[in-house]
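Notes to accompany the following structure.
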Amino acid sequence: MTEGQRQAHAFRNKLVDNLVADGTVRTQPVEHALRTVPRHQFAPEATLAQAYADEAVVTKVDQHGLAISSVSAPQIIAMMLELLDVHPGHRILEIGSGGYNAALLRELVGDNGHVTTLDIDQDVVNRATQYLPAAGYPDVRVLRADGEYGAPDGAPYDRIIVTVGAADIPPTWIHQLTPDGRIVVPLRLRNLTRAIAFDRRGDHLAGDGYGPCGFVPMQGAGEDREQLVLLAGREVGLRLDGGMRVDAPALRAALAHTGADIWTGVTVGQQEPFDDLELHLSTTLPGFCRLAAQKSAFDSGLVNASWRTASPAVVDGDSFAYRMRPRPVGEDHTSYEFGVRGHGPRGVELAERFAEQIRTWNERQRGGPGARITAYPADTPDSHLPEGFVIDKPHTRVTISWP
Ligand SMILES: C[S@@+](CC[C@H](N)C(=O)[O-])C[C@H]1O[C@@H](n2cnc3c(N)ncnc32)[C@H](O)[C@@H]1O
Numbered sequence: 000m001t002e003g004q005r006q007a008h009a010f011r012n013k014l015v016d017n018l019v020a021d022g023t024v025r026t027q028p029v030e031h032a033l034r035t036v037p038r039h040q041f042a043p044e045a046t047l048a049q050a051y052a053d054e055a056v057v058t059k060v061d062q063h064g065l066a067i068s069s070v071s072a073p074q075i076i077a078m079m080l081e082l083l084d085v086h087p088g089h090r091i092l093e094i095g096s097g098g099y100n101a102a103l104l105r106e107l108v109g110d111n112g113h114v115t116t117l118d119i120d121q122d123v124v125n126r127a128t129q130y131l132p133a134a135g136y137p138d139v140r141v142l143r144a145d146g147e148y149g150a151p152d153g154a155p156y157d158r159i160i161v162t163v164g165a166a167d168i169p170p171t172w173i174h175q176l177t178p179d180g181r182i183v184v185p186l187r188l189r190n191l192t193r194a195i196a197f198d199r200r201g202d203h204l205a206g207d208g209y210g211p212c213g214f215v216p217m218q219g220a221g222e223d224r225e226q227l228v229l230l231a232g233r234e235v236g237l238r239l240d241g242g243m244r245v246d247a248p249a250l251r252a253a254l255a256h257t258g259a260d261i262w263t264g265v266t267v268g269q270q271e272p273f274d275d276l277e278l279h280l281s282t283t284l285p286g287f288c289r290l291a292a293q294k295s296a297f298d299s300g301l302v303n304a305s306w307r308t309a310s311p312a313v314v315d316g317d318s319f320a321y322r323m324r325p326r327p328v329g330e331d332h333t334s335y336e337f338g339v340r341g342h343g344p345r346g347v348e349l350a351e352r353f354a355e356q357i358r359t360w361n362e363r364q365r366g367g368p369g370a371r372i373t374a375y376p377a378d379t380p381d382s383h384l385p386e387g388f389v390i391d392k393p394h395t396r397v398t399i400s401w402p
């Protein structure tokens, strides 16, 4: 082993140790694959420390400087591989390539399995075609194709993994699965993306676990980007799902006036995850969206949002509300209280509605088993859908319910 290889090995093991310790890696095969595949060989532009940091390595940006391809962050990759539940001998399709995840999949399926990875971008295909054999994975099939249509010549697949942000689930993905196949897809649910594991049940999909994630957006036939409506120069904006329309001038006027703050009495511990709160809000608040703000807007006091790029928010006509940065409570400041700020003529009313849903989540869903998610073909009548909140998309009707 050369000194470089020894260093890479040490970085890699440290990264995987952390993913095991924080519970992201739960099974031995996924752990073994992550300890084996040389991630740095799929990101040669990065230093070893960057390649083995728990962050995505951006490999291509568009004309506006926005990332359109990356080697995904290890934590998200590991979480999705655990959801995918790969077995030796499986046939797998990966949509959105680069090589690294395809190599991990090849480790998981073994010599009797098969991996096809495809990408819409020839530069990415070239990278995967070059890096996979160099890293010891010459039999992974690399294709240039629009993932919207899958890869019919290799179907059916036991597993499909989508590694690019999807606004919908095209029927080809369901039809190219084996009858008991599973797909893991980062699906946008009203401006909130969750990597969801779905099992095929005939013509529809039944969810079995999910986790928070962020991905570069889908290009090609399935492209359906979110919109950004600016409220104060480029400092503050609302991120909206594709078809949503808002009264931007009225909302700008609303932000220009001081907001009304409402504290909920619901607290959260410092390290406690609360991803399901966002999912609950997105399925119970009509007009759900997210607020993004630059640091200058925080510094000047224009906004006091929970996060820089994606604080849950809600719009109703000329008013909007968003979740504030939680305030510390108690003497030791180890827990924080959720609050909501409303702007506009009905800002208080909207903030109250928002706060009420935070309390409902706290009473009914917090710490529970999570949401049950399904996806049915778009022509499924209401009477055939399971109970729950329905999100209608061009190809599918997604239902979300809470046990
Ligand atoms: C986050 S990267 C994939 C990461 C990769 N799986 C890895 O090993 O880390 C997302 C990729 O999806 C690709 N992509 C975007 N739209 C696509 C589409 N319609 N079909 C196939 N690939 C697409 C992009 O070109 C980009 O390379």
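Residue numbers for the sequence shown follow numbering that gives the first Met the number 0, so the first one is 0 and each next one is one higher. Even glycine gets a Cβ: it sits at the ideal position worked out from N, Cα and C. In this text the structure is predicted, and so the values were computed from the model without any measurement.
Excluding five sequence neighbours on each side, which residues of the same chain lie with their C-beta closer than 7 angstroms to the C-beta of residue i?
{"i": "Glu-351", "result": "Ile-261"}
{"i": "Gly-95", "result": "Asp-118, Gly-146, Val-161, Thr-162 and Val-163"}
Could you tell me how far apart the beta carbons of residue i and residue j are, in whole angstroms, since I believe they sit closer than 8 angstroms?
{"i": "Leu-117", "j": "Leu-142", "result": "4 angstroms"}
{"i": "Gly-149", "j": "Leu-92", "result": "6 angstroms"}
{"i": "Tyr-130", "j": "Val-36", "result": "Wrong, their Cβ atoms sit about 11 angstroms apart, outside the cutoff."}
{"i": "Ser-281", "j": "Leu-191", "result": "5 angstroms"}
{"i": "Val-302", "j": "Val-235", "result": "6 angstroms"}
{"i": "Ile-76", "j": "Gly-206", "result": "That pair is no contact at about 20 angstroms."}
{"i": "His-72", "j": "Glu-44", "result": "According to the sequence as given, residue 72 is Ala; it is not His. In fact, because the Cβ distance is near 16 angstroms, the residues do not count as touching under 8 angstroms."}
{"i": "Leu-250", "j": "Arg-238", "result": "In fact, because the Cβ distance is near 13 angstroms, the residues do not count as touching under 8 angstroms."}
{"i": "Glu-348", "j": "Thr-266", "result": "Their Cβ separation, rounded to whole angstroms, is 24 angstroms, which puts Glu-348 and Thr-266 out of contact at 8 angstroms."}
{"i": "Arg-445", "j": "Ala-309", "result": "Absent from the model: residue 445. The displayed extent of the chain is 0 to 402, so no value can be given."}
Per DSSP, what kind of secondary structure is residue i in: helix, strand or coil?
{"i": "Ile-75", "result": "helix"}
{"i": "Gly-258", "result": "coil"}
{"i": "Leu-131", "result": "helix"}
{"i": "Ser-96", "result": "coil"}
{"i": "Lys-294", "result": "helix"}
{"i": "Lys-392", "result": "coil"}
{"i": "Ala-231", "result": "strand"}
{"i": "Leu-65", "result": "coil"}
{"i": "Tyr-51", "result": "coil"}
{"i": "Tyr-156", "result": "strand"}
{"i": "Ile-372", "result": "strand"}
{"i": "Ala-302", "result": "Checking the displayed sequence, the identity of residue 302 turns out to be Val instead of Ala. Note: Val-302 maps to coil in three-state DSSP."}
{"i": "Glu-222", "result": "coil"}
{"i": "Glu-2", "result": "helix"}
{"i": "Tyr-136", "result": "coil"}
{"i": "Phe-273", "result": "coil"}
{"i": "Ala-247", "result": "helix"}
{"i": "Glu-330", "result": "coil"}
{"i": "Leu-191", "result": "coil"}
{"i": "Arg-126", "result": "helix"}
{"i": "Gly-264", "result": "strand"}
{"i": "Val-15", "result": "helix"}
Here's the rule: buried if 16 or more other CB atoms are within 10 angstroms of the residue's CB, otherwise exposed. What is residue i?
{"i": "Ser-68", "result": "buried"}
{"i": "Asp-240", "result": "buried"}
{"i": "His-86", "result": "exposed"}
{"i": "Gln-356", "result": "buried"}
{"i": "Leu-254", "result": "buried"}
{"i": "Asn-111", "result": "exposed"}
{"i": "His-256", "result": "exposed"}
{"i": "Ser-305", "result": "buried"}
{"i": "Asp-275", "result": "buried"}
{"i": "Gln-218", "result": "buried"}
{"i": "Thr-263", "result": "buried"}
{"i": "Thr-58", "result": "buried"}
{"i": "Met-323", "result": "buried"}
{"i": "Lys-294", "result": "exposed"}
{"i": "Gln-74", "result": "buried"}
{"i": "Asn-125", "result": "exposed"}
{"i": "Thr-398", "result": "buried"}
Which residues in the same chain as residue i place their Cβ atom closer than 8 angstroms to its Cβ, once the five residues preceding and following it in sequence are excluded?
{"i": "Asp-202", "result": "Ile-173, Tyr-375 and Pro-376"}
{"i": "Lys-13", "result": "Tyr-51"}
{"i": "Ala-196", "result": "Leu-82, Leu-83, Asp-84, Arg-181, Ile-182, Val-183, Gly-206, Asp-207, Gly-208 and Tyr-209"}
{"i": "Pro-170", "result": "Pro-376 and His-394"}
Residues in its own chain within less than 6 angstroms of residue i by CB, not counting five upstream and five downstream?
{"i": "Gln-269", "result": "Thr-333"}
{"i": "Gly-210", "result": "Met-78 and Ala-194"}
{"i": "Arg-224", "result": "Pro-216"}
{"i": "Ala-154", "result": "Gln-175"}
{"i": "Lys-392", "result": "Asp-167"}
{"i": "Leu-80", "result": "Val-29"}
{"i": "Ala-42", "result": "Ala-50, Val-56 and Val-70"}
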